[in-house]
Structure formats: C-alpha cells, structure tokens
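Letter by letter, the sequence shown follows residues 54 to 137 of our numbering.
To start, the structure itself, in structure tokens.
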Amino acid sequence: MAGTPQIESRDNWIVLNFETLDQALQLLSPWKDVRHRKDALQQITKALSAVGLSVEIKVKGRRIAELVAGQIRGPIVALLGPAG
C-alpha cells in the first residue's frame, strides 16, 4: 500500500519510517488546520505517554518527530507552523 511506513519497535518505542514527508504528514490529514493538528498531536502524545509508549517518526531514516513523555520534539514542530 502506497504511503505505508516501515514499522519497527524497540523497547517501548514504535518507529514509523516513511518514504516521503508527504506520506508522514498524512498521519495528521484528518485535522485540516494547524491548530487542530497540533491539538490532536498533543493528545496522541499524552495518550501514548499514559501507557508508557513513545513514537519516532522518520522519513528515509531521518527523524522528523518524537512523541515522548507527553512532548512533541523534532522538526515536525516547525513544519506545522504557528497555531495563530
């Protein structure tokens, strides 16, 4: 299936490795504006943290985001732009 990431896990991490940035950003496609995307990503991050999981999102092996300990880290934050 086009856009499906390679998935691996190690310890409490789930790693999603996409071929393109556009494919990775499809994770947020249900939310059409920046504010809702950031809110959704924050809620997902909190839910993962609550069950002891973290997610790393990569494009061609390069990390663009980490959802860990209730925080969103990495270049994805800048890609989402200001919420204003």
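A virtual CB, placed ideally from N, CA and C, is assigned to each residue, including glycine.
Worksheet item: Mapping DSSP to helix, strand and coil, what is ALA118?
Response: Working through the sequence shown from its first residue, we reach residue 118 at position 65. The answer is strand: DSSP assigns ALA118 an E or B state.
Discussion item. Starting from LYS113, trace the alpha helix (DSSP H) in both directions and tell me its first and last residue.
Written reply: Numbered from its first residue, the sequence shown carries residue 113 at position 60. Neither: LYS113 is in no alpha helix (DSSP H) and is coded neither H nor E.
Practice prompt. Could you name the residues of the same chain whose beta carbon sits closer than 7 Å to that of ILE125, not counting the 5 residues immediately before and after it, in chain order?
Written response: Along the sequence shown, one-based indexing puts residue 125 at 72. Excluding positions up to five away in sequence, the list reads LEU94, GLN95, THR98 and ALA118.
Worksheet item: DSSP on LEU106, reduced to helix/strand/coil?
Response: Sequence index remark: in the sequence shown, residue 106 carries index 53 (1-based). Reduced to three states, the DSSP call for LEU106 is coil.
Practice prompt. In angstroms with no decimal places, state the Cα-to-Cα distance between GLU72 and TRP66.
Written response: Sequence index remark: in the sequence shown, residue 72 carries index 19 (1-based). Sequence index remark: in the sequence shown, residue 66 carries index 13 (1-based). The alpha-carbon atoms of GLU72 and TRP66 are separated by roughly 19 Å.
Practice prompt. Count the other C-beta atoms from every protein chain shown that fall within 10 angstroms of the C-beta of LYS111, then say buried if there are 16 or more, exposed otherwise.
Written response: Counted from its first residue, the sequence shown places residue 111 at position 58. LYS111 comes out buried.
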